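With positions in the sequence shown counted from 1, the corresponding number in my numbering is that position plus 5.
For every residue, glycine included, the Cβ atom is placed at its ideal position computed from N, Cα and C.
None of these values were measured; they are calculated from a predicted model.
In what follows, a structure is listed as structure tokens, so that the remarks can point back to it.
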Amino acid sequence: MLGLTEPWTLSLDPTNWKFGALDINLLVLGIVYQGVAYPIVWFGLEKAGNSSTEERIAILEIFLQFFGKERLGNLVADREFVGKAWLQWLREEQIPFQLRVRNNFQMTNARGQFVPVFKLFRGRVNQTIVLPQARRMWGDEWYFSGCYLSGGEYLI
């Protein structure tokens with residue numbers, strides 16, 4: 006419908022609505038095109054709050070069943086979509102991803118010591134830093150990039 010070329014960048018995000026007294030909590034997987042995520046797979050969560058690893062895996066498996074892995078170029082998601090089991094599943098399934106992490110998560114510095122992740126990205130405002138070597142977090146090695154934004158927030 007959008008005339009997109011493949012592979013696609015997918016966005017995983019929750020959305021919460023209030024309809025009268027009814028709370029609607031959806032987990033949504035969308036195709037990103039020109040800065041907009043067009044929903045293609047979603048389901049209602051029977052609870053308030055974040056999705057579980059099992060729910061995240063389920064929504065991606067639905068996508069893979071209908072569209073195939075060859076159409077999936079990259080998965081992007083915000084800070085609430087993290088966790089050891091989730092990251093291991095993405096890696097095992099060979100799904101490319103870029104996930105934002107909270108600035109207080111612990112990762113190794115160049116000397117192998119665990120420090121809050123923000124410490125490796127402070128200093129230069131609005132300038133992206135790409136760490137050239139993988140760092141340990143949650144018992145595995147990952148690559149990180151990030152910056153300190155002029156508004157006082159970290160984007161890692």
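Output the boundary residues of the alpha helix (DSSP H) element that contains residue i.
{"i": "residue 89", "result": "89 to 97"}
Assign residue i to one of three DSSP states: helix, strand, or coil.
{"i": "residue 64", "result": "helix"}
{"i": "residue 17", "result": "strand"}
{"i": "residue 59", "result": "helix"}
{"i": "residue 103", "result": "strand"}
{"i": "residue 72", "result": "helix"}
{"i": "residue 77", "result": "strand"}
{"i": "residue 160", "result": "strand"}
Taking buried to mean at least 16 other C-beta atoms within 10 Å of its own C-beta, is residue i buried or exposed?
{"i": "residue 150", "result": "exposed"}
{"i": "residue 126", "result": "buried"}
{"i": "residue 26", "result": "exposed"}
{"i": "residue 148", "result": "exposed"}
{"i": "residue 53", "result": "exposed"}
With DSSP as the reference, please indicate the residues paired to residue i in a beta bridge.
{"i": "residue 43", "result": "36"}
{"i": "residue 141", "result": "146"}
{"i": "residue 28", "result": "23"}
{"i": "residue 82", "result": "17 and 104"}
{"i": "residue 49", "result": "31"}
If you follow the beta strand (DSSP E) that residue i is part of, which residue opens it and which one closes it?
{"i": "residue 150", "result": "150 to 153"}
{"i": "residue 113", "result": "111 to 113"}
{"i": "residue 108", "result": "Run containing residue 108: none; DSSP gives neither H nor E here."}
{"i": "residue 119", "result": "119 to 121"}
Is residue i near the ligand FMN, in the sense that its beta carbon is under 6 Å from a heavy atom of that ligand?
{"i": "residue 134", "result": "The model on display carries no ligand, and the ligand FMN is accordingly not part of it."}
- Query: Hey, is the region 40 to 51 in contact with the region 91 to 103, meaning 3+ C-beta pairs nearer than 8 Å?
  - Reply: no
- Query: Are the region 143 to 161 and the region 108 to 127 touching, with three or more C-beta to C-beta distances below 8 Å?
  - Reply: yes
- Looking at C-beta atoms only, is the number of pairs between the region 29 to 36 and the region 13 to 20 that lie closer than 8 Å three or more? yes
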